[in-house]
Structures are given as structure tokens and as C-alpha cells.
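Worksheet: one structure, shown below.
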Amino acid sequence: MPAYGSVEPNPVAKYKGRFSITNLDLNAVNVDPGGYENPVFTGDGSVPPSPAPSVLSMSNPVVPPKNRKSSIIFPSYLRRNGNMDNDSLSTLQTESTNNLHVYTTINHESIPRLENYYRELGIRGARPTIDELHEPMKSDLSSSENTFIKNVSNDNSTWTTVIESPAKPSTALTAVKFGWFEGVFVRTTVNLLGVMLFLRMGWMTGRAGIVVALLQILISTAITCLTTLSMNALCTNGDIGAGGIYSMISRSLGPEAGAMIGIIFALTNAAFVGLNLIGAAEAVVQIFDHFGIGIISIPHCDNDVRLVGILFLILIAIIPMISLSFEAKTQTFFLIILVICIFDYFVGALLPPKLDQQRKGFVGWSHEVAMSNMWPKFVPDEGFFTVFGVFFPSVTPIFTGACMSGDLRDPAAAIPKGTFLSIFFTSTTYAVFIVILGWTVSSFSTGSMSQFPFTNITNCNQGDCPYGLIYDYNTVALSSGLTHVGLEIEPFIYIGILAASLSSALGCYMAAPRIFQSFAEDGLIPGIAWFAKGYGPSNDPRRGYLLTFVVAGIFTSIGNLNLIAPYISNFYLISFFLVNITCFHAAWVKTPSFRPAFKYFNKWVSLISAALCFILMFLLDWISALAALVLMLIIWLYISKTETKVNWGTTSEAQLFNVAHSAAMKLYWTEEHVKNYRPNILVLTGNPSARPALIDMAASLSRDYGMLFLGHIKRGPISFEARKKANAAQKVWLRMRKVKAFYILTEGENLLDGCQRMIPTVGLGKLRPNIVMMGYKSNWHDKVKDPKDLQDYFNVIHYCLDEHISLVICRVQEGFDFSEFFSSVSLEKKKPFDETIRPEDTKFDFKFVQKIAATEEQEKRSSIIPVQVIDSVNQFQKNPKKGTIDIWWLYDTGGIALLLGWILQNTRNSLWYGCKMRVFSVTRTDIETAKSNLTALLLKFRIPFSNVTVLPDVDGPPLDSSKMQFRNLIEDWMETENDENGNQSKPSMKITKEELNTLKDLTNRHIRLRELLLEYSQDASMIFMTLPIPRRDCTSAPLYMAWLEMLTQNMPPFILIRGNQTSVLTFYC
């Protein structure tokens, strides 16, 4: 049995220690020693002989022997974000000082390596592509100028390649990284042990009573613990990077939720700075009052509190500017002071009270006092949630450690451990304070020993009872240790108040800019990128400090602790709600990427916790809750309407898959019904960017009512990279064109072959095209063109009819195909300046079309485009149409012409919105009867129409001039004597006299229809007409195209449509 982690002796002995990352921006920080405990090495540093495994395990990488210096190497962007600790890569510095050699492949396959998976941040490892592995081996394997691949040895060893790159000097990193204690526990604890501990615990005990106060602490702890469970699940589901709670939510729920938490939580932390500074200022001015000192007035006024608070804010702002390490030491110093002050209070509570203390309500441990303080004594306009709203901000800063995630060595391990221990420690401290105060201090005290121990006083106003739990905020200081020795001011308690306030303020002052910096880096809101810049090795957000200073200064200027607290509580509750709902959503959608290392959470617990937070918001203060929700809604709507260029793989996208999959399966098993018919159109566009007008027309027919597929058939083979680039380019083009469609690229030898491959396979289940739409082949009579193109086009019509799929042929006189124009080097001759227009002056970006219209070859193109072309391309995107939509309902194929005409008429975004609809039909019976029947049918179908016309003479003889026009169309396609003698190479592409004679009545009918079209619909905005069906083996392609030409030539936009003989309209409910 080989030793664990052992490798083949020969290559390791020869290239021992050569294992690192290559082709990245690498930096090294030395650690010494490394790998001492790995059993692959013996005590003297030699490698024990063992059989060589076939693959090297990355979880147990090769490590150097003892007494050998190693290096941890990782990209610079990870140093800034703090996503990687010193053991993550386990990469080692080589013995050579000139080159860095790296094992990366085995038989040209990449071994499992951490850096291969940093694609989310734009970094790709040395993993080869499928093409590099699948295609024949190339003779030169040289890579970039910085790296190249060479053989390790000439034998048949497992290791076949090594990557060698120029060595870079190893530089020690100066970025400060913290562990769970100093990075999370200390920061979270000093924030949780805020100003409320010394200034409001007595007030809370007196107003709520011991039982209710403990219940409030229990509820608060339960909410914070449940939220911490959700937070731990999120932060252990991969590297969260800088930004803490913002990164967790934005990368999970998406940019909308991320923007909400980024703005709201950053503002909440900045406001919390102001709340704590007001608490510190209150303590200072109380000391001044005691000694008769005033800043503005004696006794103090709110302006004194504001002024002292601003001075403290300046002090807080200076600390992080010194260094991050100094700030961490300051927080640790504050925690030590807090522990000393808490210990001082515990000692003082155990000592017997002095006379002056008894006079002010501190009576010592008394069961009678405890019973009097057991239940609430709410004053008018106060209740459970009033007191709870003041206390709850004390337990809300549980995200302080998470917000410093970019400065932690191992955020996934540090955040859960440090946060839970901090919550346990602080909640226990608050509960002990409640019990001690309730057992030792009376609710009311007049200051006179005649009423001692004051337990008989059940109701007293502040003027008569200035002391006691209800009205005296200094009961903690009254009970503390040094008060027993006769000091007028208890120094430790007031120092503790300052330490608690300033430490909480400092923690939030550090968190808010980092959240906002990460938010600004993502660029979700334009104009705030200025705050994204960081300074120094720790990427310090100094510009964010400036914004936090301003916001904190505004809240400090309010000067009223009780007024600010409920608003801050609700904003923190919104953050709690979003964290819980994010965790629930990630677990609920069952995305495979949600694999948190922290397993002690449940999605339903997260949902319940989210519901509790939401309800509690309104119970605390419905006005601030409503204001917070309105702010959230505004942010959500703004980000939703803004085109954000982020791709984070959010759970919202995962839910879209679940919803789509569930809906597709339900549709798949649902029987089709005529009332649920929707026009799902497959447009044979070729390259979509070369036929924008055709796509706009199809989009108008399917907008809001059906789906749109764009079929692009290209002669193959098409490589994977070419297909990928085409899909990406067309997505961008469609978004720019504001068309909601699916682009389908298919290989085909010709149009028919491509359609035979595409039509049966496009779509999913019921979400498949039921209409094939293509442009009219205007150049069918062009002698230069290959006749096979015409036959191919004609065969597609036959194929669609064989597949029982509706067929639409659309014609505009300018044509749809602009590919030749855009791919020509200089198509147009020089034109006068007033007849041309530059692309940048138009709505449509032709420069972009020039980049992607020709997929086979890109050439230089003219920067001048004729005005007529611009108008033709955009004819269905601008200038709302006036006039009528004429429906020539010649044959009943299911009513699809009526339905599409109604969609154009009634879709608000359609250019034909509000146009009047006229319906034309033909009859061989009584005109009035036919017209009455058709009118009744349209009314039953609820199709709004302005006029119904029934024509009786469609089978009458056409005019001689019309016949001559038709003969001119088919003249070049008529069979000649040479063709009859067998010289015709392709007989099917000629019109025989026999065919013309057999189909004479049909031909005359189409010629006569043209005359009627010119008479009635020459000025229409859009014409729909039933598409005639060519009989197989009876109608040739040229004759059929001549029929269509007669119908559509020099007419308004014309749609020939043939349903599949299945009803798409019904008059049943």
C-alpha cells in the first residue's frame, strides 16, 4: 500500500516541488515550513519508494521536505477580495531562482486544479479545450510569450508535460487578514453590546418587567439566530468575496435584490453610527450636567448632544484612515474595556448598597422588589412593541463580521463560528443584566428614605419619582462597583458606555463603505462608480468613508435616540428578511449549485423567520415599515428597468427554469383546444440581421400572443465556435432591435434540406411553431440566378403543406434581403449628399449589422447608406400606419387570416393599431345572402370590422392587358421546341402548354383577383389573402410563382397565408 499522497519517484525526484499556477497574475507570500505532516516525506526529507499512482490528487498535493521553504501563490484579485486563505492552493516554490516549473497536465489532460474554476471572475486555468484534445496533435505546442509546454522526460512516465514560465520576484503581501476572533467575534460583539446595555437596560426592565423583557430578548435572539442560520448557509455556499451580505444576496437573488440590500443596508449601518454616537454624547453631557458644566446650555439641550456626537464622529472617521490593523486593535481594546465594565457592574450588584444608592432606588437583592418588577408597567402611548423597538437595534448588527468578508482569511469558517459565539455571549449578557436590575432596583424612587424600599409605589410621574428603573437611565451606573466607594460618577460604567457606543459606531462605520463599495463595483446604478475605488493593499474604501460620514452626521444631528431606533430596527429587519428569503429561495428552487457546507439550516425555518421579520416590521412601526417597503419597491423597479450587464447565476434564474419546465410539462400533457391557439411563428430569415423588416413583421404578428423563432439555414459544417459566436451576436442584435425571439442555426445543403431538419425539431413540447413564415422570392424570374433556387423555394412550400403546418409568405415591394448590400465593398455609386444619410444619424445601427450580417467573410463596407434603404429596413418599426387592413378571405382554411389581422389591429404596440378591418370574400350564389352569412360569422367570432364585401365575378374573364402582363411573366419559362425534342436539362422548371391549358381557369382566376385587388385594396395599409395551394406534380414552380407575382406585384405590404385546415377561431365560450 503506497503512502498517502505519494507520487512516482522518478519525476518527483527530478522535478521535486514544481507545482504552482501559471499564466495568471501571480504573487507569492512565503510561509515556512510547509507539508511537515505529510507522510510522503520521511524525517530526513527523502521520498520513500512507492508505486506511482496514475493521477495526482489535488487535495493532497506534492509538498517539499522539511526545512524547505515553500510559497503560496494566488492571483492578485483574490488578495483584495480575501477569497483565498494560505492553504487553498497548496502550491510550492521551485528550487530554481530563474524559472517556475509547474505540473499541470497528464497526457495533455488538465489535472483537477483550483484555478481552473475561477471562470466566474474572468480567469481561466490551464484546462485544455475539447478541440485541443480532440483534434490531431499539432507539431508546435508553444503557448504565449510567457509560458510554453515542454516534455518532462523521454520515458513513458505518467507526467508528460510541464509548464515553464519566467519567474517573478516574490513579494510579501501587506493586506491585513483576520481570523474568526478578531475579524468576526470581536467586531460583532462590540456592535451587539451597544449603548443600550448601559443606558436602556434599566428602562426596559422597568417598563416591560422581568418576564416580558426576557421574552423580548428571547424573541430577538431567536430572530437573529434563525437569520444567522440562513446567513451561514449562504456564506458557506462558495467564496462570497468582498461586500459580505450584499454579495450573498445579489449573487443569489439577483441584481434587484442586491441593489435593495446594497443601498438599504449601507444606509442602515451609516444610520446606526449616528444612533450610537448619540448614546455616547448623552453619556458625556450627563457627566457635564453632574458637574455643572455646559457646552451650550445648563442643563444640556439637544444641541449639546449633537455637538458632542459630531466630535465623536470625527474621531471615529480618523481611526480607519490610520490603518485597518489599528482599527482592529482599537476594537479589541474596546472589547476589553467592555468586559471590565460588565465585570465591574456584576461586582457592584453583589455588594450591599450604600444609603445614597438606596435613596435612589438601588435596594440590593430583594424578592419583594423582584415581584414588583416582574410584570410590565407601560405608561400611556407605550406598549410591548414600543419597548421592543427601542431594544431590538441592540441585537441587529449580526452582519458586522460578514460585511468584513473581504478582510477575512477564511470567511466560510470564520463568519458562522464568530457570529454564533457573539450572539450567545451578548444575549446572555443582556439577560443577566435584566435579572440583576429587576431584583435589585425598584421601579419608582422619590429619592426619600421615608418610602424605602418604594415597592408600594405603583404609579408615579417623572417629577415626583426621578429615580428608579422607569425614569432613571443611569440605574446601571448607580449599581456598579466603584459607586460603593463613594464616587459621585461611576467611571467604569461611563467608560463602558463610551466604549460600547464608539465600538458599535466604528464597526458600522467600517461596514457601510465596504458594502457600498462592492455595490458600486457591480455598476448596477450609473454614476456611483466613483465610490468603487479602493486604496492600499486592503482596497480601503476611503471614498465610501466620506459618504458614510455625511449620512452618519445627518442622523447624529437628529439628537434623539428613541426617535431613530424604530427606523433603524425596521431597516435591519428588511435585511434579515432578505437574507432569510434568499436562503429559502435558493433551497426551494433546488439549484444544483446550492451546496452549502453549513448543513444546520432548513428552508422552511428560513421562510418562517422571513415571515416573522416582515410581520415584526409593521408591529414595531408601520410608518417606517411602509417607508422601507416603498424604498425597496422603487429600487427594485429601477434596477428591473435598467439593463444590467451582470451574470451571476442567481436563484431567480434557476426558478425560471423550474417554472418553464413545470409549465412545459403541463402543456405537453394537455390536449390542444382551439381557444388556446397561439400563433407561434418560425421565420426563415437566413441571417436575421440581413432581413430586419421581415423579422419586425413577424414580431408584429406574434407580439404578446405567441412565440417567434428565427430560422437560419447555413451550408455546413458549422464549427462549435462559429455557432457559439453566431448565437451570441444574434442575441445582441435582437436585443438591440427589441425583438423577443429565439434564434435557430441549422446546417443544410439547401433551403429544403435545412427546413426538413429544422421544422420538425424546433421548439419543445407544445411550445413549437405552428406557422412557417418566409419572404417572397422577388427574383424568381431572374435569368442569372440558378433555377435550382426557385425549385428549392417551391419545394419548401410543398414540404410545409406536407407537414400540415400553416404557411405565410410576406412581400413588400422593396424586398427584405439586404445582405448583398451590406456585404458589398462598394455597392452604390456616388450619390448627392442630400440623398444619403450616415448610419449614426438613424435609429437602426447599421454599423452593427455590418459586423454580423455576413458570416462567411467580413469586408470593408461603405459608411454611407442610402436613405431609401434606411426607410425600407425600418418600415415596420416607425410611422404608425393609417388606412385599412384588408382580409381577402377567399377560402376557409381555419380562420388564421382573420386572427392575424385582428392581432395587428388590436395590439397596442403594433403600427396597425386602430386601423379599420375590411373583409372580402367571393361567392357564386346570391350576394346578399353570402354577405349576411359572412357578417353573422364575423360577429360570432367577435372580430371588429368596418365593412364586408362579397364579390361575385371572380371567375369572370380578365382584361386583355392583364393577360398580356401574365404572358410576359411566364414567357421565359415556357417550354420551347428544343425542350420538347429532349434538349431540356431540367423539364420540371418549364411551363408546358399542356399544364397551362389544364390550369387555365385557375390562372384566369388569379389574374382576375389582381384586377379586383387593384380596384379595392390599392391603398390599404396591409393585405391578407388566402395562399393558393399548388397541386403536387400538376403545378410547376414558375407557373405557381407567376400566380403569386400577379397577386402581389406593386401592392401594399402583402401577406399570403394558408392555414392547415384546422380551426383557430371559435364562437363557443
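Residue numbers (full-length UniProt numbering): 1 to 1069. Beta carbons: idealized from backbone N, C-alpha and C, even for Gly. Quick caveat: nothing in here was measured; it's all calculated off a predicted structure.
1. Is P537 near the ligand ATP, in the sense that its beta carbon is under 7 Å from a heavy atom of that ligand?
2. By Cβ distance below 8 Å, which residues in the same chain neighbour L1002 in space, the five residues on each side in sequence not counted?
3. Helix, strand or coil, according to DSSP, for F601 in the structure here?
4. Cutting at 6 Å between CB atoms, please list the residues of its own chain near M1051, excluding the five before and the five after it.
5. Could you give the distance in angstroms between the alpha-carbon of Y535 and the alpha-carbon of L631?
6. Per DSSP, which one or two residues make a beta bridge with S442?
7. Relative to the C-alpha of Y743, which residue among G686, F945 and P592 is closest?
8. Considering only residues of the same chain and omitting the five flanking positions on each side of F343, which have a CB-CB separation below 7 Å?
9. From the DSSP secondary-structure annotation, give me the bridge partner or partners of D540.
10. Entirely within the stretch 208-271 and at least 4 residues each: give me those alpha helix (DSSP H) ranges in chain order.
11. Reducing DSSP to helix, strand and coil, say where Y891 ends up.
12. Is it true that the CB of Y246 sits closer than 8 Å to the CB of F519?
13. According to DSSP, what are the bridge partners of C810?
14. Using only the alpha-carbon positions, how far apart do S372 and S442 sit?
15. H712: buried (16+ other C-beta within 10 angstroms of its C-beta) or exposed?
16. Indicate whether L999 and T1035 have their beta-carbon atoms separated by less than 8 Å.
17. Between A565 and the rest of its own chain, which residues show a CB-CB distance below 7 Å, the 5 nearest in sequence each way excluded?
18. To which residues of the same chain is T400 closer than 6 Å at the C-beta, ignoring the five residues directly before and after it?
19. On the DSSP bridge list, what partners appear for S921?
20. Helix, strand or coil: how does DSSP classify T133 here?
21. Should the stretch 459-476 be regarded as contacting the stretch 347-364, the criterion being three or more beta carbon pairs within less than 8 Å?
22. Quick check: is the beta carbon of I608 nearer than 8 Å to any beta carbon in chain D?
23. Which word fits C810, buried or exposed, when buried means at least 16 other C-beta atoms lie within 10 angstroms of its C-beta?
24. On the criterion of 16 or more Cβ atoms from any shown chain inside 10 Å, does N676 qualify as buried, or is it exposed?
25. If you reduce the DSSP assignment to three classes, tell me which class L121 lands in.
26. Excluding the five sequence neighbours on either side, which residues of its own chain have a C-beta within less than 7 Å of the C-beta of T228, listed in chain order?
27. Using DSSP with H/G/I as helix, E/B as strand and the rest coil, what is I990?
28. What is the residue span of the alpha helix (DSSP H) that K725 lies within?
29. According to DSSP, simplified to helix, strand and coil, what is G507?
30. State buried or exposed for I337, treating a residue as buried only when at least 16 other CB atoms are found within 10 Å of its CB.
31. In its own chain, which residues sit with a C-beta less than 7 Å from the C-beta of T893, not counting the 5 before and 5 after it?
32. How do the stretch 471-478 and the stretch 487-497 stand: do at least 3 beta-carbon pairs fall below 8 Å, yes or no?
33. May I ask which residues mark the beginning and end of the alpha helix (DSSP H) holding E1011?
34. Check whether the stretch 229-242 touches the stretch 579-595, taking contact to mean three or more Cβ pairs, one atom from each stretch, closer than 8 Å.
35. Which class does G711 belong to by DSSP, given the choice of helix, strand or coil?
36. CB-CB under 7 Å to S445, same chain, minus the five flanking residues each way: which ones, in chain order?
This is what the structure gives:
1. Only the bare structure without any ligand can be found here, which leaves the ligand ATP out of the picture.
2. Stepping through the sequence shown from its first residue, residue 1002 is reached at position 1002. Taken in chain order, the residues that qualify are P1028 and W1043.
3. The residue you call residue 601 lines up with position 601 of the sequence shown. Coil.
4. Sequence index remark: in the sequence shown, residue 1051 carries index 1051 (1-based). The answer is none, since no qualifying residue turns up.
5. Translated into positions along the sequence shown, residue 535 becomes position 535. Translated into positions along the sequence shown, residue 631 becomes position 631. Roughly 31 Å between the two C-alpha positions.
6. To locate residue 442, count along the sequence shown from 1; it is residue 442. Under the DSSP definition of a beta bridge, S442 lacks any partner.
7. By one-based count along the sequence shown, residue 743 stands at place 743. Per the Cα distances, G686.
8. In the sequence shown, counting from the first residue as 1, residue 343 sits at position 343. None.
9. Counting from one through the sequence shown, the residue named residue 540 turns up at place 540. In the DSSP output, where bridge partners are listed per residue, D540 has Y535.
10. 245-253
11. Position 891 of the sequence shown, counting from 1, holds the residue named residue 891. Y891: coil per DSSP, three-state reduction.
12. If you number the sequence shown from 1, residue 519 lands on position 519. If you number the sequence shown from 1, residue 246 lands on position 246. Cβ atoms of F519 and Y246: closer than 8 Å.
13. Taking the first residue of the sequence shown as 1, we reach residue 810 at position 810. BP columns for C810 point to G775 and I1055.
14. Taking the first residue of the sequence shown as 1, we reach residue 372 at position 372. Taking the first residue of the sequence shown as 1, we reach residue 442 at position 442. Our two residues, S372 and S442, have alpha carbons roughly 8 Å apart in a direct line.
15. Translated into the one-based positions of the sequence shown, residue 712 becomes position 712. With 16 or more Cβ atoms within 10 Å of its Cβ, H712 is classed as buried.
16. The sequence position of residue 999 within the sequence shown is 999, counting from 1. The sequence position of residue 1035 within the sequence shown is 1035, counting from 1. Yes.
17. The residue you call residue 565 lines up with position 565 of the sequence shown. For A565, where only same-chain residues beyond five positions count, the Cβ hits under 7 Å are L275, G389, V390 and P393.
18. For the purposes of this step, residue 400 is identified with residue 400 of the sequence shown, where counting begins at 1. Closer than 6 Å at the Cβ level, and outside the excluded window around T400, lie R187, T188, N191, G507 and A511.
19. As a first step, residue 921 must be located in the sequence shown, where it is residue number 921. In DSSP, S921 forms a bridge with V950.
20. Working through the sequence shown from its first residue, we reach residue 133 at position 133. Here residue 133 turns out to be Leu, not Thr, going by the sequence shown. Helix at L133.
21. yes
22. Absent here is chain D; the protein component of the structure consists of one chain.
23. Taking the first residue of the sequence shown as 1, we reach residue 810 at position 810. The residue in question, C810, is buried, as its Cβ has 16 or more Cβ neighbours within 10 Å.
24. Indexing the sequence shown from 1 puts residue 676 at position 676. By the 10 Å Cβ count, N676 comes out exposed.
25. The residue labelled residue 121 in the question sits at position 121 within the sequence shown. With a pLDDT of only 41 at L121, under the threshold of 50, the placement of this residue in the model should not be trusted; the figure read from the coordinates follows. Residue state, collapsed to three classes: helix.
26. The count along the sequence shown starts at 1 and reaches residue 228 at position 228. Cβ neighbours of T228 within its own chain (closer than 7 Å, five residues either side excluded): I398, T419, F420 and I423.
27. The residue given as residue 990 occupies position 990 in the sequence shown. One detail in the question is off: residue 990 reads as Lys in this sequence, not Ile. Here K990 sits in coil by DSSP.
28. Position 725 of the sequence shown holds residue 725. Looking at the DSSP string, the run of the alpha helix (DSSP H) that includes K725 is F720 to R737.
29. Within the sequence shown, residue 507 is the residue found at index 507, counting from 1. Reduced to three states, the DSSP call for G507 is helix.
30. For the purposes of this step, residue 337 is taken as residue 337 along the sequence shown, with counting starting at 1. With 16 or more Cβ atoms within 10 Å of its Cβ, I337 is classed as buried.
31. Position 893 of the sequence shown, counted from the first residue, corresponds to residue 893. Same-chain partners within the cutoff: T1026, R1058, G1059 and Q1061.
32. yes
33. The count along the sequence shown starts at 1 and reaches residue 1011 at position 1011. First-last of the alpha helix (DSSP H) with E1011: K1000 to Y1016.
34. yes
35. For this step, residue 711 is matched to residue 711 along the sequence shown. If DSSP states are grouped into helix, strand and coil, G711 belongs with the strands.
36. In the sequence shown, residue 445 corresponds to position 445, counting from 1. Closer than 7 Å at the Cβ level, and outside the excluded window around S445, lie K360, G361, F454, C465, Y467 and G468.
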